[in-house]
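Contents: one structure, followed by commentary.
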Amino acid sequence: MSGRDCPFCGIAKHSPAGKLSYGTVFLSTDKVLGFLDIQPLVTSEAHVLVIPRRHYETLDQLADDPESSAALGVALPQVANALKKILNAEAFNIVQNNGVSAGQVVDHVHFHIVIRPRGKHPEATKGSDAIAKGLLEPPPPGKNGLLHYQRSYHAQVFCRGQREDLDPEWADYLVPKLRKALGSKL
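The numbering used here runs 18 ahead of the 1-based position in the sequence shown.
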């Protein structure tokens, strides 16, 4: 996929640096873009993407662009912190896949930030709790229950779990809050 055919490059094209007019975009600098995932994981409170504005297919290709790399390094903790505060969350994942074999679906470097509020979505923590228990107690004889929980857990953690379409009302609520929280920081 070339930058011309890339859906994330299309979002970047319609979201000039410093302008926040595109619906789900909450961050737009000359190097980095942040927007809501249009098919968030159902086990998340919020699921956003942070990308370099320039088209790179995999993270290693950013090695020759230290400015974009640095901008991503600054944006990721700022976005995660803003989401945690806005949603009063205690846990999150930052996931980045490189190549089809690693689970990358869109051929543009992107980081998923997935907010996991313990207690609000028990399904989000079910896998990790089961793994912890499974590590302390072996699975029942003749059953590989741990493997089942590990598969479920990894699907959730590595952004391969069940998804649903983004709720427009949720986007209307979250995007302005993120824009305000990040406005003076990036």
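Even glycine gets a Cβ: it sits at the ideal position worked out from N, Cα and C.
Note that the coordinates shown come from a computational prediction; the quantities given were computed from them, not determined experimentally.
Going by beta carbon distance, what residues of the same chain come within less than 6 Å of residue i, once the five residues before and after it are set aside?
i          : result
residue 34 : none
residue 75 : 125
Can you tell me where the beta strand (DSSP E) with residue i in it begins and where it stops?
i          : result
residue 46 : 43 to 46
residue 66 : 64 to 70
residue 59 : Looking at the DSSP string, residue 59 is not in any beta strand (DSSP E), and its letter there is neither H nor E.
So, residue i versus residue j, is the Cβ gap smaller than 8 Å?
i           : j           : result
residue 93  : residue 192 : no
residue 190 : residue 56  : no
residue 60  : residue 131 : no
residue 71  : residue 54  : no
residue 181 : residue 44  : no
Taking 7 Å as the limit between beta carbons, can you name the residues of its chain near residue i, skipping five residues before and five after?
i           : result
residue 73  : 21, 24, 27, 126
residue 195 : 104
Going by beta carbon distance, what residues of the same chain come within less than 8 Å of residue i, once the five residues before and after it are set aside?
i           : result
residue 78  : 116
residue 37  : 46
residue 114 : 77, 127, 128, 129, 130
residue 187 : none
If I follow the unbroken alpha helix (DSSP H) through residue i, where does it start and stop?
i           : result
residue 193 : 186 to 200
Have a look at the DSSP bridge pairing and note the partners of residue i.
i           : result
residue 181 : 59
residue 111 : 132
residue 77  : Residue 77 is not bridged to any residue.
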